[in-house]
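Note that our numbering has the sequence shown beginning at -19, numbered continuously upward. The block underneath contains the structure these notes are about, expressed in structure tokens.
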Amino acid sequence: MKRGNKQIAQKVMEESSELIIDFLKGSKKRTIEEAADLIFHLLILLNKKNILPKDLAKELKSRYKK
């Protein structure tokens, strides 16, 4: 799966829009499917910058420390 940064970014925007549309329609099944698509393409985008899920977990943990 070789795609350029612009193509990957466009795909993330497309999947994000699709998720919002299905969320607003109220279809739980389609919302789950589109959320999975968005997460998949977001992981591809992050991988292009060598960002791992553990990096995100670390950032989230630092934001929500009590």
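Quick reminder that beta carbons are idealized off the backbone N, C-alpha and C, glycines included. Being a predicted model, the structure only gives us computed values, none of them experimental.
Between the alpha carbons of alanine 37 and leucine 26 lies a distance of about 13 Å. Counting the other CB atoms within 10 Å of its CB gives leucine 4 a total below 16, which places it among the exposed residues. The C-beta of glutamate 14 has 16 or more other C-beta atoms within 10 Å across all chains shown, which makes the residue buried. Spanning the alpha carbons of glutamate -5 and isoleucine 12 requires a straight line of approximately 12 Å. Going by DSSP, leucine 32 is part of no alpha helix (DSSP H) at all; its letter is neither H nor E. For the pair serine 42 and methionine -7, the Cα-to-Cα distance works out to about 27 Å.
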